[in-house]
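Residue numbers (my numbering): 1 to 51.
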């Protein structure tokens with residue numbers, strides 16, 4: 001079963017086997033002690049006060 005959400009066409013989306021392989025690859029990457037993970041959104045905004 002291709003993975004899709006909503007009303008999207010599933011013609012070009014990943015198969016269940018491809019999703020499983022990607023999940024294994026992500027898990028292996030995160031298990032690497034050299035991997036750094038940052039949590040949460042990091043947003044930078046620039047502006048100035050008028051006047």
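Don't be surprised by glycine CBs; every beta carbon is placed ideally from N, CA and C.
Quick one: what's got a C-beta closer than 8 Å to residue i's C-beta in the same chain, skipping five residues either side?
{"i": "residue 22", "result": "14"}
Hey, how far is the Cα of residue i from the Cα of residue j?
{"i": "residue 29", "j": "residue 40", "result": "19 Å"}
{"i": "residue 32", "j": "residue 26", "result": "10 Å"}
{"i": "residue 55", "j": "residue 17", "result": "Because the chain here runs from 1 to 51, residue 55 falls outside it and cannot be looked at."}
{"i": "residue 42", "j": "residue 48", "result": "20 Å"}
Is residue i buried or exposed, if buried means 16 or more other CB atoms sit within 10 Å of its CB?
{"i": "residue 1", "result": "Here the model assigns residue 1 a pLDDT of 47, short of 50, so the residue's position is not dependable and the matter cannot be decided."}
Short of 6 Å in beta carbon distance, which residues of its chain neighbour residue i, apart from the five on each side in sequence? Order them along the chain.
{"i": "residue 44", "result": "none"}
{"i": "residue 12", "result": "none"}
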